[in-house]
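Participant:
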Ligand code: FCB
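Residue numbers (the working numbering): -8 to 458.
1. How about residue 419: is its C-beta nearer than 9 Å to some C-beta of chain C?
2. Would DSSP call residue 233 helix, strand or coil?
3. Look at the alpha carbon of residue 463 and the alpha carbon of residue 269, and state the distance between them as a whole number of angstroms.
4. Could you spell out where the beta strand (DSSP E) holding residue 102 opens and where it closes?
5. Assuming residue 308 contacts residue 239 under a Cβ cut-off of 8 Å, what Cβ separation, rounded to an integer in Å, is found between them?
6. Starting from residue 359, follow the beta strand (DSSP E) in both directions and report where the run begins and ends.
7. Quick check: does the Cβ of residue 424 come within less than 8 Å of any heavy atom belonging to the ligand FCB?
8. Is there contact here, the region 363 to 380 with the region 314 to 327, by at least three beta-carbon pairs under 8 Å?
9. Taking the alpha-carbon positions, what's the residue 163 to residue 337 distance?
10. So the alpha helix (DSSP H) residue 158 belongs to, where does it begin and stop?
11. Three or more C-beta pairs under 8 Å: does that hold for the region 247 to 262 against the region 211 to 228?
12. What residue range is occupied by the uninterrupted beta strand (DSSP E) comprising residue 132?
13. Would you mind working out which of 456, 440, 327 sits nearest residue 8, comparing C-alpha positions?
14. For residue 442, count the other beta carbons within 10 Å of its own beta carbon; 16 or more makes it buried, fewer makes it exposed. Which is it?
15. In whole angstroms, what is the alpha-carbon distance linking residue 151 and residue 32?
16. Using CA atoms only, rank isn't needed, just tell me which of 221, 299, 109 is closest to residue 168.
17. Tell me the rounded alpha-carbon separation between residue 340 and residue 383.
18. Using only the alpha-carbon positions, how far apart do residue 72 and residue 104 sit?
19. Leaving out five residues on either side along the sequence, give the residues of the same chain with a beta carbon under 6 Å from the beta carbon of residue 259.
20. Quick check on residue 334: does DSSP put it in helix, strand or coil?
21. Following the continuous alpha helix (DSSP H) through residue 428, name the residue where it begins and the one where it ends.
This is how it looks when you write it as structure tokens:
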């Protein structure tokens, strides 16, 4: 293969390639998908256009003190207007799959009627991806709840789960045949815990009892929506995306070991047990006494409807010790590698979690890593961004995925978070997660070296495959 024709950008960037996995890696299999991920509120902007209604993130980010530097998603990456060029960029970087999310407030009005202009945007996007031969992974809910639903209680109101199923019904009728994989919810842990439990995210409520009830309604909405998606769009696959956390014990004392287990119960089993075992983990309510949600007959059956795949988002590990009672406290490790977020770089955590899920859940569906990546303070210099820490981060996490596959876990693909630098929720624009740099003053996109190396790897795979 001629390297120069395979490379979208500078051949020099890959001359000394620190990225390509070893020949023995399962990642060379051409059916292991390599993709990039984004989310509507983080990239689209155009919050008042074509009938889009306000979302809880518009309200939250406009509230002083909630988001770093007072940033909002009003403009973000202006992707609503620049989507064609962004998809060309995605294609030039050789990504085989694109995970994006649909903004609920763009596609439905308050009465639940379709908003044709908003729907047309996603249709155009999906049609273009199909023309390019890119696999389409659409998330229905990546946190931008219509504000009018929050005004009626949001995820604390059981009715929101049914409104979510209506939204899934509309989308799967309108977009049927264009979506390869549907994801109902992105990271219900964040929606429930950060949104209703500690208030760090929209809508900004802080009550432990709220968190468990919001979670129950989110998962109920997932189950109802999954049934609707199956009926309307049988050819696609259906899943959900969970963020998972690795907890390790600060000492080998039984108390600290239990604390680490409870960290993982709170982060992982809280979501995965109801989905895959049809019950909440009892230990959750020992950790948070008195927070049992109201569960109606039949709910757990709806929630545990079979999944075609499970999306896993993984970022870091947390070292914990016992808090002296039922719970855990973090003990930050010294002298470990961290990212711009302060998150510890710990690829083994991803491997260990995947292998652990394989052991713990008999019916574990095939897995996609739907997000993994890191923030760094990237700057453009001479037209290039040399994001060396990210290159090493991605390489090590892909190796962890390979190790899990070799240990028998069925992992089918990996999406880097994120295609573009974007609005990083409560941290605004300061934290740059993209493999493509965005200059927010000019909206100029500059692929970072990590993007060029991923593109190079995919090109090598294609060449081997004779594609
Ligand atoms: C995840 C979110 C995603 C992004 C990354 C860094 O929790 O799903 O939108 O912000 O974290």
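Where is the CB? At the ideal position from N, CA and C, for every residue including glycine.
Facilitator: Quick look at the numbers:
1. Any reference to chain C falls outside this structure, which holds one protein chain only.
2. Taking the first residue of the chain shown as position 1, residue 233 is located at position 242. Reduced to three states, the DSSP call for residue 233 is strand.
3. Missing from the structure shown is residue 463; the chain here goes from -8 to 458 and no further.
4. On the chain shown, position 111 is the one that residue 102 refers to. DSSP places residue 102 outside any beta strand (DSSP E), giving it a letter other than H or E.
5. Within the chain shown, numbered from 1, the residue matching residue 308 stands at position 317. Within the chain shown, numbered from 1, the residue matching residue 239 stands at position 248. Between residue 308 and residue 239 the beta-carbon gap is near 6 Å, inside 8 Å, which marks them as a contact.
6. Locating residue 359 in the chain shown gives position 368, counting from the first residue. Where residue 359 is concerned, the enclosing beta strand (DSSP E) stretches over 358 to 362.
7. Residue mapping note: residue 424 aligns to position 433 of the chain shown, counting from 1. Yes.
8. Output reads no: the region 314 to 327 does not touch the region 363 to 380.
9. Counting from one through the chain shown, the residue named residue 163 turns up at place 172. Counting from one through the chain shown, the residue named residue 337 turns up at place 346. Residue 163 and residue 337 have their C-alpha atoms spaced approximately 38 Å apart.
10. The residue labelled residue 158 in the question sits at position 167 within the chain shown. Note, residue 158: alpha helix (DSSP H), 150 to 165.
11. Result no; under three Cβ-Cβ pairs closer than 8 Å.
12. Here residue 132 corresponds to residue number 141 of the chain shown, with the count starting at 1. Where residue 132 is concerned, the enclosing beta strand (DSSP E) stretches over 126 to 132.
13. Position 17 of the chain shown, counted from the first residue, corresponds to residue 8. Nearest C-alpha to residue 8: 440.
14. Numbered from 1 along the chain shown, position 451 holds the residue referred to as residue 442. Its Cβ being crowded by 16 or more others within 10 Å, residue 442 is buried.
15. Locating residue 151 in the chain shown gives position 160, where the first residue counts as 1. Locating residue 32 in the chain shown gives position 41, where the first residue counts as 1. Straight-line measurement puts the Cα of residue 32 at about 20 Å from the Cα of residue 151.
16. Here residue 168 refers to the residue found at position 177 when the chain shown is read from its first residue. Nearest to residue 168 by alpha-carbon distance, out of 221, 299, 109, is 221.
17. Counting from one through the chain shown, the residue named residue 340 turns up at place 349. Counting from one through the chain shown, the residue named residue 383 turns up at place 392. Taking the straight line joining both Cα atoms gives about 16 Å.
18. Position 81 of the chain shown, counting from 1, holds the residue named residue 72. Position 113 of the chain shown, counting from 1, holds the residue named residue 104. Going by the C-alpha atoms only, they are around 24 Å apart.
19. Counting from one through the chain shown, the residue named residue 259 turns up at place 268. 235.
20. On the chain shown, residue 334 is found 343 positions in, with the first residue counted as 1. Coil, per DSSP.
21. In the chain shown, the residue the question calls residue 428 occupies position 437. Not the alpha helix (DSSP H): residue 428 falls in the beta strand (DSSP E), residues 427 to 430.
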